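Protein chains: 2
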Amino acid sequence: MSERKPVSEYAQPHIQTLRAYTPGFQPKESGWIKLNTNENPYPPSPKVEEALKDAVGPSLRLYPDPTSAALREAVARINGVDSSCAFIGNGSDDILNLLTRAFSDSARFAGYTFPSYSLYPVLCGIQNSGIVEIPFGRSMVLPLEPLLDCDARILFFTSPNAPTGVGFSNDDLRTLVAGFDGIVVIDEAYADFAKETAVELLSDFDNLVITRTFSKSYSLAGMRIGYALTHPDVVEVLDKVRDSYNVGRLAQVAGLAAVADQSYLKAIVGKIKQTRDHYVQELRDLGWFVYDSQANLIFAEPKDAKGYSGPEVAQSLFEFLKSEKILVRYFAGHALTDTFLRISVGDDDQMLALSESIQKWLKNE
Amino acid sequence: MSERKPVSEYAQPHIQTLRAYTPGFQPKESGWIKLNTNENPYPPSPKVEEALKDAVGPSLRLYPDPTSAALREAVARINGVDSSCAFIGNGSDDILNLLTRAFSDSARFAGYTFPSYSLYPVLCGIQNSGIVEIPFGRSMVLPLEPLLDCDARILFFTSPNAPTGVGFSNDDLRTLVAGFDGIVVIDEAYADFAKETAVELLSDFDNLVITRTFSKSYSLAGMRIGYALTHPDVVEVLDKVRDSYNVGRLAQVAGLAAVADQSYLKAIVGKIKQTRDHYVQELRDLGWFVYDSQANLIFAEPKDAKGYSGPEVAQSLFEFLKSEKILVRYFAGHALTDTFLRISVGDDDQMLALSESIQKWLKNE
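For the protein sequence lines, the chains are R and A, in the order given. Quick note on numbering: this note's numbering labels position 323 of the first sequence as 346, and the sequence is numbered without any gaps. Quick note on numbering: this note's numbering labels position 169 of the second sequence as 192, and the sequence is numbered without any gaps.
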């Protein structure tokens, strides 16, 4: 026993040196205005609450449907694809992880842009995948050629992009999927807030995976539900590597009820888009650079009272807002992000409070 | 585009040839007596239902606590360990998967006994881990020497065993954990139905991981909650490889309420043990060989009316029960299991129906 090594050294070497993903700060006490994790400011559909309350009962003793068959059918139906093309995950993060695990390793590189969803490099780190990072330019135009030329066999592409909110046209995405020698994952976490979705491309390509989440537009971040739409052969691969009961009974119930209430979805998504567009304008009126957003978030480059922008300015506002109990997200360490703040679109009260705090900050500067 | 290969060929080669885990059959229509997946025949605590109904509401729009901190504390407390030693998973299957992923690969072998939980080889297949399978003998005595001598760096050991229900002493387990050069996972899915738990060993060994589930004793298979108790260094490794929001809000709520109602747990576990012991005796009175069970399942070797046992006999009863809408589990293909049926312990009505069907089968033979 005495000669046994420290227990963490039994882990694979790349796991030992790994750093865990840092999710946005989740305060435990109330009183915070949370505009840092792109949650929906509105509650889920009342029909979801009803369905959940009905489902709470003795049947929780039973395992869930292992394939989430009814929910696969429902998400396929609203997207106009066959149910054999749908897959359900414990959040779309679960699906991104399964894709990384099935399709990448040290020889099969995974590619993604910078900036994009900061989870991809973490998933590649866990898998010990080779990685290719393709930088956007400041314009955030789709870097089509470097993506097509890169050595990756699986590509993760957030569309609309996070953290910028910038959207992409299906014409460009079609060129990407058609020309890429491997799997293209279009991560559509924010697609319900966008002008277009890439779903229409599914009928033309077997190497396209579209991932979606119930965490943003459906207001169900707490339930952990995501889905993928893709070729049945990819669904088959995902079914091999997933946990056999990856989605619980109540999550399946919530997902079904949420999908069934499309008018509620439209109403809250419409409201969020309105708030977003209004607020983008408000920040631009301050003279700030703000990307056009097709998501429920705003990526804005603050200017201080003297008209300066930069990492210090962005950080100063971030800290000031925190002192006002308003949480937004700041991404340090890269010129494309470190002069910006990412602000999730809240409800009117939250956005008003944010505006007032920004005014206060401008006066204090 | 035309020269692109079939899409599943982009997957890693070992994934392409993988076969998915087959969970026990989950009938979609009602009317079945389900004694095939070791679910609890009794509903979860009324306090769990209450807590869940209270938690269904606007807060589902928010992400869950990423670390499930309150539930870590609760499971640590009932087991008398520090909360830094606890980890929560989306079912204990999630944790077994994370352990496989962190601690095994083609060079770091995973070991397990035969028979044991049939998920381990599947998880190793996904990970492409080297494997060592140590067979039990018919006596099902702990094969201590081969386990200690094997080349694995992580060992999965189901205690009490599934599918046999056989329990093991902490004296033997202590010798195993003390002498093993690697991580020993004691999978205590059924420990609440057993005479002993290995928790007392945790204070002596940093290479011990105990996994538990809410799916059996707590009647919450539908909620997907499991936990691990282990050294904080192992918790740290698991935190690196898990999904950042692996356990949803309602699962955390259900787990907390279930743990808080220990008197309900004791009552239903007591009832199940009573039914189990009664039924083991009943089957032995038929002249069948039945292992002593410390789980909520019975592993019994049926004899037909002429006194014969064997794979055909076990299969014949399995099929007959199915025709009577009673589901049990049959494990073909190995001499240690293929003459047996695994019967989950149901409530009195279910067990009576099973008895009557067995009598019918004996008369039909």
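Just so you know, even glycine gets a beta-carbon here, dropped at the ideal spot from N, CA and C. This structure is a prediction, so every number in the text was calculated from the model and none was measured.
For Ser115 (chain R), the uninterrupted alpha helix (DSSP H) segment begins and ends at 115-126. Using a Cβ-Cβ distance cut-off of 8 Å, the segment 245-252 of chain A and the segment 105-118 of chain A are in contact, since at least three pairs of beta carbons, one from each stretch, lie closer than that value. By the criterion of a C-beta distance shorter than 8 Å, Leu170 (chain A) is surrounded in its chain by Gly134, Thr136, Ile157, Leu178, Phe180, Leu199, Phe203, once the five residues flanking it on both sides are discounted. With fewer than 16 other beta carbons inside 10 angstroms of its own, Lys386 (chain R) counts as exposed. Residue burial annotation: Leu375 (chain R) is exposed, with fewer than 16 other C-beta atoms found within 10 angstroms of its C-beta. Inclusion of Leu231 (chain A) and Val104 (chain A) in the CB contact set at 8 Å is not warranted, their separation being larger than that value.
The C-alpha of Asp266 (chain R) lies about 20 Å from the C-alpha of Tyr213 (chain A).
Interface annotation, Pro144 (chain R): not in contact with chain A, CB-CB separation never under 8 Å. Ala130 (chain A) and Pro183 (chain A) have their C-alpha atoms roughly 29 Å apart. With respect to the 8 Å criterion, Leu364 (chain R) and Arg352 (chain R) are classified as neighbours on the basis of their beta carbons. Assigned with DSSP and collapsed to three states, Ala212 (chain R) falls in coil, not helix or strand. Every unbroken stretch of the alpha helix (DSSP H) spanning 4 or more residues and falling wholly within the segment 240-315 of chain A is given here in chain order: 255-264, 272-283, 285-308.
Here Lys57 (chain A) is buried. Its C-beta has 16 or more other C-beta atoms within 10 Å.
Contact of Glu62 (chain A) with chain R is assigned, a C-beta pair being separated by under 8 Å.
Taking C-beta atoms as the reference points, Asn102 (chain A) and Val222 (chain A) count as a pair closer than 8 Å. The segment 347-373 of chain R is shown to contain whole beta strand (DSSP E) runs of 3 or more residues at 364-367, in chain order. Secondary structure at Phe137 (chain A): strand, using DSSP grouped into helix, strand and coil. Using a Cβ distance threshold of 8 Å, Arg307 (chain A) and Ile321 (chain A) do not count as a contacting pair.
Only Leu83, Arg84, Leu85, Tyr86, Pro87, Asp88, Pro89, Asn113, Gly114 from the segment 83-115 of chain A bring a Cβ to less than 7 Å from some Cβ of chain R.
At a beta-carbon threshold of 8 Å, the residues of chain A lying near Gly245 (chain R) are Ser82, Leu83, Arg84, Leu85, Tyr86, Pro87, Gly271, Arg272, Leu273, ordered along the chain. No residue range can be given for Leu225 (chain R), since it is assigned to no beta strand (DSSP E) and is classified by DSSP as neither H nor E.
For Leu41 (chain A), the nearest CB of chain R lies under 8 Å from its own CB, placing it at the interface with that chain. Following the DSSP letters along the chain, one finds Ala201 (chain R) in no beta strand (DSSP E) but inside the alpha helix (DSSP H) bounded by residues 193-202. Taking the C-beta atoms as reference points, Glu168 (chain A) is found no nearer than 8 Å to Tyr86 (chain R). Taking C-beta separations shorter than 7 Å and ignoring five residues to either side along the sequence, the partners of Tyr241 (chain R) in its chain run Pro67, Ala281, Leu288, following chain order.
Ser332 (chain R) is not a Cβ neighbour of Gly188 (chain R), given a cutoff of 8 Å. Bridge partners of Lys57 (chain R) according to DSSP: R:Leu350. When the Cα atoms are used, Leu309 (chain A) and Asp194 (chain A) turn out to be separated by approximately 34 Å. When rounded, the separation of the alpha-carbon atoms in Val258 (chain A) and Met246 (chain R) is 24 Å.
Excluding residues up to 5 positions away in sequence, Arg272 lie with their Cβ nearer than 7 Å to the Cβ of Leu83 (chain A) in the same chain. In the displayed model, Gly148 (chain R) falls within a helix according to three-state DSSP. Here Glu73 (chain R) has Ala280 as same chain residues with Cβ atoms under 8 Å from its own Cβ, once five neighbours each way along the sequence are excluded. The way I'd put it, the segment 160-167 of chain A doesn't touch the segment 41-54 of chain A; fewer than three beta-carbon pairs between them come closer than 8 Å. Looking from the CA of Gln338 (chain R), the closest CA among R:Ala185, R:Thr360, R:Asp372 belongs to R:Thr360. In this structure, Ser139 (chain A) lies near Ala185 (chain A), with their beta-carbon atoms less than 8 Å apart. A direct Cα-Cα distance of roughly 8 Å separates Gly278 (chain R) from Val71 (chain R).
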